[in-house]
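Numbering (the working numbering), first residue to last: 15 to 896. Ideal placement from N, C-alpha and C gives every residue a C-beta, glycine not left out. Here's the structure, in structure tokens; my notes come after.
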Ligand code: ZN
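Okay, structure coming up:
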């Protein structure tokens with residue numbers, strides 16, 4: 015493939031509005047078997063104050079211009095330049111509005127990038143965020159250009175009985191030759207990235223919702239033929255999301271219809287196009303036989319996320335792509351709050367923080383580091399990151415902590431009222447909280463511009479004679495590859511002083527201390543706070559609920575942590591006390607293993623875990639979280655440098671076995687007692703019980719050394735959660751066992767026709783922690799069901815191996831790196847975005863021992879020198895090497 019060299023860096027400081035204003039977009043899209051004809055009529059006007067001679071420069075990407083007319087008259091070729099990359103038109107009217115009619119011809123069936131208009135399983139669909147609309151027509155393809163759209167879609171009626179676009183349905187009818195049309199009208203001005211069009215032979219699950227002001231909204235979920243019933247849970251999640259946004263944020267839906275389309279070839283999770291969300295079918299379709307509890311939670315979250323974008327993203331959009339976190343961080347915060355309300359707040363918070371530390375921390379601490387609001391980029395597709403989404407959500411959460419829940423709601427109300435219909439910035443957003451609450455967020459704003467994870471150091475000293483606890487809090491932000499500054503930030507630190515019986519003491523900070531209720535506002539590099547009037551030394555429960563996105567370092571002793579693991583009234587911190595203890599034990603165990611020594615585990619730590627497992631006062635899902643030990647990647651991150659993944663694997667396994675042996679007699683009856691009575695239900699409590707049973711089973715397997723219990727569960731399970739958990743344990747613990755081989759084969763033949771389940775089958779084999787996984791993965795690339803061009807399948811095999819197999823990918827001989835580099839190159843030819851995403855698995859390469867480091871560097875260097883690499887992959891590889 016020939017690619018133009020687009021090596022320019024786009025900078026935030028270069029932002030300026032367009033010279034031309036767009037009012038309306040009128041489109042006619044005619045779909046045919048081998049091509050699509052697109053006629054776009056733009057109503058434009060030179061902006062007041064723009065230079066009278068400025069040319070109109072429209073974006074394009076691999077486009078072919080068929081015709082161009084100005085106010086109905088063909089434009090003379092001397093007046094414009096059209097290339098696949100853009101259309102420049104000279105001599106346009108100095109004032110007054112004019113129309114431009116642009117005709118382009120596309121070949122959707124050849125579009126493997128899955129950006130713009132493409133075909134997936136016979137269905138025509140579009141993906142326009144961030145810069146896909148320019149692959150459909152020449153356009154001012156940027157988020158601050160908002161217009162109303164009227165779209166007419168035409169296609170063969172038998173091939174595409176369903177014709178959809180944004181907004182409300184306006185007209186439809188029959189055409190000659192078995193064709194038909196539908197017209198859609200979107201009254202809300204929107205940027206082009208929110209455009210969508212879908213046409214195909216789809217099934218529909220229909221329902222409706224009555225909004226708080228009594229408007230009836232038709233809800234439709236479209237799926238491939240014969241699968242509409244698998245969208246029932248998604249529909250339920252959608253209705254719950256609509257209620258929640260009304261109750262929690264006062265936000266009502268605004269069109270007569272809301273549709274979701276499930277698509278099998280999709281680069282990301284889902285897309286919030288106005289009134290017509292397009293989803294990876296993974297986040298729509300499920301039933302208990304084919305989906306795990308994790309899949310149910312994922313569908314619920316993504317459905318909510320995309321729906322919430324209608325207000326945070328669509329009604330208020332972003333001025334430019336540097337402001338991406340304005341919609342993404344905020345919408346993730348909203349979907350997290352929704353899940354917390356629908357399920358368990360503590361469990362949700364633990365899961366979110368685990369996700370943040372597993373995905374965002376390594377990004378922030380490695381070469382791909384960037385601020386939550388970047389100031390420059392080469393390829394915007396590479397900025398849909400854990401930093402923008404998840405750290406972005408943490409910043410919103412910190413604002414809520416700083417201004418309080420009521421202040422937060424007041425600030426959001428002002429934001430919605432003031433910026434409805436705008437393309438806004440982070441400054442606009444922050445100003446709403448400042449005005450609504452009087453808070454000073456000047457220093458807080460540094461969180462948006464400074465990359466990296468600040469280290470929060472906490473030291474405590476208790477003076478028994480005076481009854482005083484002295485806390486010293488220090489913050490340090492290291493200068494990283496992004497080079498964005500290291501000033502002290504405003505860090506809200508939620509805390510509690512826990513008494514001997516687990517009750518929270520009322521803290522009495524000495525006058526003038528930066529403490530408000532249960533929050534310490536750390537603003538300086540170092541602050542000392544004295545709490546007075548303490549009759550006994552309290553246990554310090556610091557950074558409750560992970561109130562700031564920092565790496566916490568405390569001087570806390572093991573004894574205190576063991577006490578907090580038992581006593582802390584804050585369930586999140588109770589989990590963290592245990593998790594820190596185990597994390598440290600795993601690091602020590604790794605050092606043992608690396609030295610070839612037997613791995614030791616303090617029995618008191620195992621006992622604390624066992625006690626938590628047995629604690630009936632805690633919900634099962636929370637106990638399951640407490641018992642899920644840090645992953646091998648987590649341990650690598652804790653160790654930080656000179657990491658040997660083989661030693662980590664040995665150590666973690668030995669620790670699991672030690673806990674299993676110590677707890678076996680108590681785990682076995684607990685496990686048996688969790689067996690379900692009655693029918694399967696995906697609700698959070700039932701899922702929590704299954705999660706707890708599943709971690710217990712893993713300990714029991716480790717202790718017994720035989721696969722029997724897992725084989726039994728695999729055979730008798732009536733739901734995917736239990737069946738896949740058993741299969742995973744078989745593959746991970748007994749990879750060479752005949753029982754495992756048989757189970758894998760049985761699973762494949764049972765689910766052969768369900769792509770989403772077969773993705774699990776590929777992923778599972780890709781993540782078997784063994785150096786021989788590489789050979790398996792290589793062989794699976796030749797499996798008849800493997801298709802590199804399908805993003806889910808590519809991620810299931812190659813992505814899972816690179817990001818989820820520590821010892822396979824990081825093989826000491828470098829063969830894992832070389833293989834993944836080779837696959838990235840092959841995938842780049844088809845789909846640069848997905849190839850670039852998989853390439854981010856290299857981001858932690860500097861953490862490993864020198865042998866691995868050299869091998870990884872060589873693989874990256876070789877990749878960077880490949881001819882014809884996409885901007886997407888080149889950008890990731892070059893930044894990884896910096
Ligand atoms: Zn989003």
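- Of 149, 551 and 389, the smallest CA-CA separation from residue 574 is found for 551.
- Bridge partners of residue 509 according to DSSP: 556.
- Counting only the Cα atoms, residue 509 lies some 50 angstroms from residue 801.
- Of the candidates 200, 814, 708 and 154, the residue whose Cα lies closest to the Cα of residue 162 is 200.
- Taking 7 angstroms as the cut-off, the C-beta of residue 342 counts as close to a heavy atom of the ligand ZN.
- Remark: the C-beta of residue 194 is outside contact range of the ligand ZN, defined as less than 7 angstroms to any heavy atom.
- When secondary structure is reduced to three states using DSSP, residue 412 falls in the helix class.
- Checking the DSSP bridge columns, you'll see residue 663 has no partner listed.
- Taking the CA atoms as reference points, residue 346 sits about 15 angstroms from residue 426.
- Here the distance from the Cβ of residue 868 to the nearest heavy atom of the ligand ZN is not below 7 angstroms.
- With 16 or more neighbouring CB atoms inside 10 Å of its own CB, residue 278 falls in the buried class.
- Note on residue 383: 16 or more other CB atoms within 10 angstroms of its CB, so buried under the neighbour-count rule.
- Under the three-state reduction of DSSP, residue 46 is assigned to coil, being neither helix nor strand.
- Closer than 7 angstroms to some heavy atom of the ligand ZN: that does not describe the Cβ of residue 186.
- For the 8 angstroms CB-CB criterion, residue 554 and residue 633 do not form a contact.
- Distance between residue 351 and residue 878, taken at the CA atoms: about 41 angstroms.
- Bounds of the beta strand (DSSP E) holding residue 540 are 540-545.
- Under DSSP, the beta-bridge partners assigned to residue 117 are 53 and 81.
- Across the set 183, 272 and 52, the C-alpha of 272 shows the shortest separation from the C-alpha of residue 225.
- Taking every protein chain shown into account, the CB of residue 67 has fewer than 16 other CB atoms within 10 angstroms, so this residue is exposed.
- If you check the C-beta of residue 433 against the ligand ZN, you find no heavy atom less than 7 angstroms away.
- A buried status is given to residue 852, since no fewer than 16 other beta-carbon atoms sit within 10 Å of its beta-carbon.
- Take residue 85, set aside five residues on each side of it, and the residues of its chain with a beta-carbon closer than 6 angstroms to its own are 112 and 113, in chain order.
- Counting only unbroken stretches of 4 or more residues, the alpha helix (DSSP H) elements lying wholly within the stretch 308-395 are 338-356, 359-369 and 375-378, in sequence order.
- Spanning the alpha carbons of residue 265 and residue 139 requires a straight line of approximately 28 angstroms.
- Annotated three-state conformation of residue 782 is coil, per DSSP.
- Straight across, the Cα-Cα distance linking residue 617 with residue 588 is about 19 angstroms.
- Excluding residues up to 5 positions away in sequence, 167, 177 and 186 lie with their Cβ nearer than 6 angstroms to the Cβ of residue 196 in the same chain.
- Taking a cut-off of 8 angstroms for Cβ pairs, the stretch 443-450 and the stretch 483-495 do not touch, as fewer than three such pairs fall below it.
- Residue 869 sits buried, since 16 or more C-beta atoms from the chains shown fall within 10 Å of its C-beta.
- Using a C-beta cut-off of 8 angstroms, the stretch 356-365 makes no contact with the stretch 825-839, since fewer than three inter-stretch Cβ pairs fall below that distance.
- When secondary structure is reduced to three states using DSSP, residue 745 falls in the helix class.
- Comparing C-alpha distances from residue 393 to each of 21, 874 and 400 shows the shortest one belongs to 21.
- Relative to the ligand ZN, the nearest heavy atom lies less than 7 angstroms away from the CB of residue 345.
- Just so you know, the alpha carbons of residue 784 and residue 662 end up roughly 12 angstroms apart.
- Beta-bridge partners assigned by DSSP to residue 139: 132 and 212.
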